[in-house]
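Chemist: Numbering (this note's numbering), first residue to last: 86 to 393.
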């Protein structure tokens, strides 16, 4: 394993902690801040935070390249897919189905990502990696069963299908973005994606912002908004793109399955949600499966690894 790869994997581990803690923090403030209003607040923070990466002396040494004319439309489309569409599908799906169902369907993102990556010929996924993906998905199922359980009644069908669409939108965004991340760099691509999506999400959240009034928000709510924008979106987006560029789509996406494990640990002290024994077993299975998938990539013949 190269030093660059080691740093990227460390960054992806940090990403799982950022997203896992974010879920527990946001869940705690959503009763007072509706979802669309919350997006309208955290995305401007994210758009500003990503700009700091591009300042002179920052991590982007090569500067901000302007997209070539032929790349403008695809980048706009991907920005709408990965931020606007995914955010809307996630929020609507969560509203129409149970939280357990939503968690389960979002945990399919690594599998969809691997399938799309193989289908479009962008990389090859080894048998050990497929086994790791399947094991991580099984662990996610145990997390859901041990918590609220799985409901598959007809009343939740529309919400379930919406969550599948959300998982597919993020998986498609991950796979289709890789050529542009390789070409322009992970930070500039993350910046374009956020700057394109932010005005749209602000407009969508204005009615809810007017309804609650910004004066009703306390320091806890504002703190979570800053955390969710600067870290969970901006920094996390950069870490995700770095992983996609160096490790490939499937190897990056498998870390998505670790997020519920971190959320499970964070929700215990923050929300008083005590994990059940079967959930702890699911967490152990997820961690073991992710390790298996990572070893599968490291031991694969050079010709079968994800593109570098």
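The C-beta atom is built at its ideal place from N, Cα and C for all residues, glycine as well.
Can you look up residue 89 in the DSSP assignment and give me helix, strand or coil?
Modeler: helix
Chemist: Looking at the unbroken alpha helix (DSSP H) that takes in residue 151, where does it start and where does it end?
Modeler: For residue 151, there is no enclosing alpha helix (DSSP H), as DSSP gives it neither H nor E.
Chemist: Can you give me the Cβ contacts of residue 328 inside the same chain, cut-off strictly under 6 Å, excluding the 5 residues immediately before and after it?
Modeler: 93, 97 and 337
Chemist: Where does residue 192 sit, in a helix, a strand or coil, going by DSSP?
Modeler: coil
Chemist: If I measure Cβ to Cβ from residue 102 and keep anything under 7 Å in the same chain, skipping five residues before and after, which residues do I get?
Modeler: 347
Chemist: Mind pulling the beta strand (DSSP E) runs of 3 or more residues that sit fully within the region 276-345?
Modeler: none
Chemist: If you compare alpha carbons, which of 298, 255, 181 and 157 is closest to residue 198?
Modeler: Answer by Cα proximity: 255.
Chemist: Can you find at least 3 beta carbon pairs, one from the region 251-271 and one from the region 103-112, that sit closer than 8 Å?
Modeler: no
Chemist: Using three-state DSSP, classify residue 138 as helix, strand or coil.
Modeler: coil
Chemist: Per DSSP, what kind of secondary structure is residue 118 in: helix, strand or coil?
Modeler: coil
Chemist: If I measure Cβ to Cβ from residue 344 and keep anything under 6 Å in the same chain, skipping five residues before and after, which residues do I get?
Modeler: 101, 104 and 105
Chemist: Are residue 258 and residue 160 closer than 9 Å when you measure CB to CB?
Modeler: No, they are not a contact pair.
Chemist: Rank 339, 331 and 350 by C-alpha distance to the C-alpha of residue 89 and give the top, closest one.
Modeler: 331
Chemist: With a CB to CB cut of under 6 Å and the five nearest residues on each side skipped, what residues in its chain are close to residue 164?
Modeler: 278, 281 and 282
Chemist: Expressed to the nearest angstrom, what Euclidean distance is found between the alpha-carbon atoms of residue 170 and residue 121?
Modeler: 13 Å
Chemist: Identify which residue in 133, 192 and 114 has its Cα closest to the Cα of residue 307.
Modeler: 114
Chemist: What's the C-alpha gap between residue 268 and residue 334?
Modeler: 16 Å
Chemist: Quick check: the Cα distance between residue 203 and residue 125, rounded to an integer number of angstroms?
Modeler: 35 Å
Chemist: Helix or strand or just coil, what does DSSP make of residue 270?
Modeler: coil
Chemist: Whole angstroms is fine: what's the gap from residue 117's alpha carbon to residue 130's?
Modeler: 19 Å
Chemist: To the nearest angstrom, report how far apart residue 123 and residue 193 are at their CA atoms.
Modeler: 25 Å
Chemist: Give the straight-line distance between the Cα atoms of residue 318 and residue 128, rounded to the nearest whole angstrom.
Modeler: Cα to Cα, the separation comes out at about 8 Å.
Chemist: Distance, Cα to Cα, residue 313 vs residue 299?
Modeler: 17 Å
Chemist: Select from 289, 181 and 303 the residue whose C-alpha is nearest the C-alpha of residue 248.
Modeler: 181
Chemist: Work out the CA separation of residue 286 and residue 315 for me, nearest whole Å.
Modeler: 16 Å
Chemist: So, for residue 289: in the same chain, excluding its five sequence neighbours on each side, which residues have a beta-carbon less than 6 Å away from its beta-carbon?
Modeler: If we look at residue 289 and ignore the five residues flanking it on each side, its Cβ neighbours are 121.
Chemist: Using beta-carbon positions only, say whether residue 162 and residue 178 come within less than 9 Å of one another.
Modeler: no
Chemist: Rounded to whole angstroms, what is the Cα-Cα separation between residue 270 and residue 326?
Modeler: 8 Å
Chemist: Between residue 402 and residue 370, is the Cβ-Cβ spacing less than 9 Å?
Modeler: Residue 402 cannot be examined here, being either before or after the span of the chain that is shown, 86 to 393.
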